[in-house]
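**Q** Protein chains in written order, with the working numbering: chain L, 1 to 356; chain H, 357 to 795. C-beta atoms are modelled at their ideal positions from N, C-alpha and C, and glycine is treated no differently.
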Amino acid sequence: MHIGHYISGAAHVGVIGWALLGSVFHSAPEPVETVGVAVISEAEFAALSEPERAPAPETDVAVPVAPELAPSQPFVGTETDTVPDQNRPENAEAAETEEAPDMSGAEAPEPAELIDQVPDMTPPSEEIAALQPREAEPETVQPAPRVAPEPVAPPEPDVKIDDVVQEAVVPEESSEATPQEPQEATAPEAASTEIATEAKVGAPKTSVRPQLRPRPAAPAEPRANANDSIAAALAEAGAEEQAEIRAAPSGPPLTRGEKDALRISVQNCWVVDVGSQSANVTVTVGMKMTQEGKVDGAISLLAAEGGDESATKVAFEAARRAVLRCQKGGYKLPIDKYEHWREIEITFNPEKMRLK
Amino acid sequence: MMRFLAALLMGLTVLGQMAYAQSGPLRIEITDGVVEPLPYAVPDFVAENSAAGGYAKQLAQVIASDLSGTGLFREIPEKAHIAKITSFSAPVQFVDWKAINAQALITGAVSVSGGNLEVKFRVYDVFAGQELGNGLRFKGTVEGWRRMAHKVADAVYSRITGEGGYFDSRVVFVSETGPKSDRKKRLAIMDYDGANLQYLTDSSSIVLAPRFSPTGDKVLYTSYETGFPQVYILDVGSVQRRVLNSEAGTMSFAPRFAPDGKSLLLSITRDGNTDIYRMSLAGGAPKRLTASPAIDTAPSFSPDGSKIVFESDRSGTQQLYVMPAAGGEPKRISFGQGRYGTPVWSPRGDLIAFTKQNKGRFHIGVMRTDGSEERLLTASFLDEGPTWAPNGRVIMFTRETQGASGSSALYSVDVSGRNLRKVKITGGGSDPAWSPLQE
Chain L
1 MHIGHYISGA AHVGVIGWAL LGSVFHSAPE PVETVGVAVI SEAEFAALSE
51 PERAPAPETD VAVPVAPELA PSQPFVGTET DTVPDQNRPE NAEAAETEEA
101 PDMSGAEAPE PAELIDQVPD MTPPSEEIAA LQPREAEPET VQPAPRVAPE
151 PVAPPEPDVK IDDVVQEAVV PEESSEATPQ EPQEATAPEA ASTEIATEAK
201 VGAPKTSVRP QLRPRPAAPA EPRANANDSI AAALAEAGAE EQAEIRAAPS
251 GPPLTRGEKD ALRISVQNCW VVDVGSQSAN VTVTVGMKMT QEGKVDGAIS
301 LLAAEGGDES ATKVAFEAAR RAVLRCQKGG YKLPIDKYEH WREIEITFNP
351 EKMRLK
Chain H
357 MMRFLAALLM GLTVLGQMAY AQSGPLRIEI TDGVVEPLPY AVPDFVAENS
407 AAGGYAKQLA QVIASDLSGT GLFREIPEKA HIAKITSFSA PVQFVDWKAI
457 NAQALITGAV SVSGGNLEVK FRVYDVFAGQ ELGNGLRFKG TVEGWRRMAH
507 KVADAVYSRI TGEGGYFDSR VVFVSETGPK SDRKKRLAIM DYDGANLQYL
557 TDSSSIVLAP RFSPTGDKVL YTSYETGFPQ VYILDVGSVQ RRVLNSEAGT
607 MSFAPRFAPD GKSLLLSITR DGNTDIYRMS LAGGAPKRLT ASPAIDTAPS
657 FSPDGSKIVF ESDRSGTQQL YVMPAAGGEP KRISFGQGRY GTPVWSPRGD
707 LIAFTKQNKG RFHIGVMRTD GSEERLLTAS FLDEGPTWAP NGRVIMFTRE
757 TQGASGSSAL YSVDVSGRNL RKVKITGGGS DPAWSPLQE
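Encoded structure:
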């Protein structure tokens, strides 16, 4: 046997012996608390349990008595009402008596001398022109991204804010072997009492859209008869789709205001003959645009609805004239969003203008 | 669970990207345009020989008058032109015409050989930098130079608006001269613009309501030559006429040709009751189409000849009704306040023009053929008797001024209610009827 068994057996024997011979299971009775009570009668109990009564109002406060009024008699006499003279000031009398100033001593001004000379129309010199006060530049309001215990002066406008303040690094001309990339100076963060979260201001304005996996070019399978045209149409559609995928712009689209500006520019030149059949036709035209905001190439008719061929042709020509006539030097569109308006589709819907 | 949350997050991200990004071209919709005349330039035509010199300017003037008279076009005067057209075949410098905001340019040339005139022209969309259609050439006699100018204007109008023109058309009407108490009335015919006025009858008897045949070579009208109204037909070329309904004890009036030109509608009063009849020009008894004790009159065919619109007081007041061409139960189409009369179906078939009297004022108006979308185009002391231009775009009517010295005149108005104009005629006029386009 192991020594552990001996120890365990001795311990168990000790505990059992102590339980049998000791006073473990002899407990003394707990003391009982007693409370003295008094017996009361029913009347006394009712008197104790009755709710508090509100104090009775005092009635011997003197009530003021209204004085007895004599019956009013209507005014039956006649009296001439004097209409105040609204046009006459209160001190009109004084004004009337005021004497006119004596003008006898005044000398008539000499007639202006007529100078028959052509005024000098030479443009002013630059010094004179420089005297003109410059218009104050509008204050740039820039939202602050953090709350700081002490306000810090806002940075200069158009300064890029970085998390880490650092000095501007300019590449040294001598170090040609390892040219250092120039880096713009950053300004300390401005502070304000408003919290601008990163979600509001920290999100990138533009992001590069991941390239789609290029589709393998479908091998041209020669087909006969009617299938050729279908295959050609499918191939053309596939090519258009590919082109669309390639031309898919990234970054924020045009704002509503920018779109409205374009729409208003075109609609000002859209002449609608409300009494003609072409006023029943809705046409959609498409065009490519140059970066200068001018139509690049021809305007094409993409869709038409609501009229016969002749009316559609007239509606399209009116739409085309509107676009071409109002472009002038180019539509005002944000150049940084050129990818979004490289191609434009405009629907001309005259429904609101029709005669009803 | 984690996979589900990841998928949900990804889906929300994709939706956000879709809302953020713009796919495809920029798309906008324009629903408000401007209603204004289209500016155009029509420089003097190029005279290709010395004999044509006198016509070069006149042709351009008549074309400009036609186009500008529609209210749809505005001529840019010649003094504002930067460039001059000296050769019909030379290329057009569109920049010069863009600079003066000419949206359309009409160039032409004219030559005279013997008694014949040859006119050719082209129409350009200046801002598109291309020609609208192909060039056209007309030949005719020198006496017909105005008609050739009208034909050029019709072609230009058609190419720009997509609708037929109405300039090479004529109007027959009742010419009125003399004071109101002793007014002389006779049938007259003229170009739509008032030129080339000719009289078809003398003033010995009262004449009313002339109507052109579909071919424009005959005219129906009502004359009091026998003391009571009777319908006559007159050949415009020979000015020969004959009475159509000489039945004793009857009165006939308000005639109008059927679209086929072989029959006509008219009102006949027999035994004190007025109804609408149809009769053949070849002869035979008139066929009665209405049978009510009311006054049924002023019938007008629909362009396809399937229906007839007319006025009747069968409801107690004068209203408009439509019935099948062979007769049958009429359907009332006018329900507005006042009285409606003299309905005329549009050549397009989509509208009915009418005269309306309400609260002491007269109006010329149009409504859909079912009576909906009523629009009043004019308002005056007395407007009545509308007639449609051959293209269904313009309405001509009679306007009479108030008082003992009041007179009747012819006016025209665009179907949109714009461009109200007084037709230039010598003396007064009433009851106009527009011809179809001339061949």
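Does DSSP classify H12 (chain L) as helix, strand or coil?
**A** The answer is helix: DSSP assigns H12 (chain L) an H, G or I state.
**Q** With DSSP as the reference, label W18 (chain L) as helix, strand or coil.
**A** Note: W18 (chain L) maps to helix in three-state DSSP.
**Q** Suppose only complete runs of 3+ residues qualify. What are the beta strand (DSSP E) ranges in the region 749-788 of chain H, listed by chain order?
**A** For the region 749-788 of chain H, whole beta strand (DSSP E) runs of length 3 or above, ordered along the chain, are 750-756 and 764-770.
**Q** Between which two residues does the alpha helix (DSSP H) carrying T517 (chain H) extend?
**A** Start and end: W501 to T517.
**Q** Would DSSP call S424 (chain H) helix, strand or coil?
**A** S424 (chain H) falls in the helix class under three-state DSSP.
**Q** What residue range does the beta strand (DSSP E) around V563 (chain H) cover?
**A** Residues V563 to F568.
**Q** Please give me, in chain order, every unbroken run of the beta strand (DSSP E) with length at least 3 that falls completely inside the region 421-467 of chain H.
**A** Those beta strand (DSSP E) runs which fall completely within the region 421-467 of chain H and span 3+ residues are 429-431.
**Q** What is the residue span of the alpha helix (DSSP H) that R325 (chain L) lies within?
**A** Its alpha helix (DSSP H) spans residues E309 to Q327.
**Q** For chain L, check one thing: does any of its Cβ atoms lie closer than 9 angstroms to the Cβ of G389 (chain H)?
**A** Yes, contact with chain L.
**Q** So, are the CB atoms of P746 (chain H) and L676 (chain H) less than 9 angstroms apart?
**A** In this structure, L676 (chain H) does not lie closer than 9 angstroms to P746 (chain H) by Cβ.
**Q** Taking CB distances under 9 angstroms as the criterion, tell me whether E385 (chain H) reaches chain L.
**A** Yes, because at least one Cβ of chain L sits closer than 9 angstroms to the Cβ of E385 (chain H).
**Q** How many Å lie between H2 (chain L) and G17 (chain L) at the Cα?
**A** Their Cα atoms are separated by approximately 23 angstroms.
**Q** With DSSP as the reference, please indicate the residues paired to F477 (chain H) in a beta bridge.
**A** Paired residue(s): H:G464 and H:L492.
**Q** Is V599 (chain H) helix, strand or coil when you go by DSSP?
**A** Three-state DSSP puts V599 (chain H) in a strand.
**Q** Using 8 angstroms as the cut-off, classify the Cβ of F710 (chain H) as near or not near the heavy atoms of the ligand MG, replying yes or no.
**A** Ligands are entirely absent from the displayed structure, and the ligand MG is therefore not among its contents.
**Q** If you measure beta-carbon to beta-carbon, which residues of the region 257-287 of chain L are closer than 8 angstroms to chain H?
**A** Answer in chain order: K259, L262, R263, V266, Q267, N268, C269, W270, V271, V272, D273, V274, G275, S276, Q277, S278 and G286.
**Q** Helix, strand or coil: how does DSSP classify N405 (chain H) here?
**A** DSSP places N405 (chain H) in coil when its eight states are reduced to three.
**Q** Can you tell me which of the three DSSP states H5 (chain L) falls into?
**A** Looking at H5 (chain L) - three-state DSSP - the assignment turns out to be helix.
**Q** Taking Cβ to Cβ, would you say V281 (chain L) is nearer than 9 angstroms to E305 (chain L)?
**A** Yes, the pair counts as a contact, with Cβ atoms nearer than the cut-off.
**Q** Given that A311 (chain L) touches chain H, what residues does it touch there, using C-beta distances under 9 angstroms?
**A** In chain order: G518 and E519.
**Q** Is any beta-carbon of chain H found at less than 9 angstroms from that of E244 (chain L)?
**A** Only weak support is given to the placement of E244 (chain L): the predicted model assigns it a pLDDT of 48, under 50, and the value that follows is read from those uncertain coordinates. So, interface residue.
**Q** Determine, using beta carbons only, whether G705 (chain H) comes closer than 9 angstroms to chain L.
**A** It does not; no Cβ of chain L falls within 9 angstroms.
**Q** So, are the CB atoms of Y767 (chain H) and T734 (chain H) less than 9 angstroms apart?
**A** Their beta carbons are under 9 angstroms apart, which means Y767 (chain H) touches T734 (chain H) by this criterion.
**Q** Would you list, in chain order, the members of the region 762-774 of chain H that have their beta-carbon closer than 7 angstroms to a beta-carbon of chain L?
**A** Residues D770, V771 and S772.
**Q** Assign L21 (chain L) to one of two classes, buried (16 or more other C-beta atoms within 10 Å of its C-beta) or exposed (fewer than that).
**A** The residue in question, L21 (chain L), is exposed, as its Cβ has fewer than 16 Cβ neighbours within 10 Å.
**Q** Is it buried or exposed for R256 (chain L), if we count other Cβ within 10 angstroms and need 16 for buried?
**A** So R256 (chain L) ends up on the exposed side.
**Q** Under three-state DSSP, which class holds D296 (chain L)?
**A** Of the three classes helix, strand and coil, the one that applies to D296 (chain L) here is strand, per DSSP.
**Q** Using DSSP's beta-bridge definition, name the partner residues of E351 (chain L).
**A** Its beta-bridge partners do not exist; DSSP assigns none.
**Q** Indicate the three-state DSSP secondary structure (helix, strand or coil) for E345 (chain L) in the structure shown.
**A** E345 (chain L) falls in the strand class under three-state DSSP.
**Q** Is I327 (chain L) buried or exposed, if buried means 16 or more other CB atoms sit within 10 Å of its CB?
**A** Looking at the sequence provided, one finds Gln at residue 327 (chain L) rather than Ile. By the 10 Å Cβ count, Q327 (chain L) comes out buried.
**Q** Rounded to whole angstroms, what's the CA-CA distance from V15 (chain L) to S8 (chain L)? Just pull it up for me.
**A** Roughly 11 angstroms between the two C-alpha positions.
**Q** Would you check if the distance between the CB atom of T582 (chain H) and the CB atom of F609 (chain H) is smaller than 9 angstroms?
**A** Taking 9 angstroms as the Cβ cut-off, T582 (chain H) and F609 (chain H) do not qualify as a contacting pair.
**Q** At a CB distance below 9 angstroms, what residues from the region 680-691 of chain H approach chain L? Give them in sequence order.
**A** From the region 680-691 of chain H, no residue has a Cβ closer than 9 angstroms to chain L.
**Q** Can you give the Cα-Cα distance for E730 (chain H) and R724 (chain H), rounded to whole angstroms?
**A** The alpha-carbon atoms of E730 (chain H) and R724 (chain H) are separated by roughly 7 angstroms.
**Q** For the region 300-330 of chain L, which residues have a beta carbon sitting closer than 7 angstroms to at least one beta carbon of chain H?
**A** Cβ contacts with chain H come from S310, A311, K313, V314, E317, R320, R321, L324 and R325.
**Q** What in chain L is Cβ-close to L394 (chain H), meaning under 7 angstroms?
**A** Neighbours of L394 (chain H) on chain L, chain order: V271.
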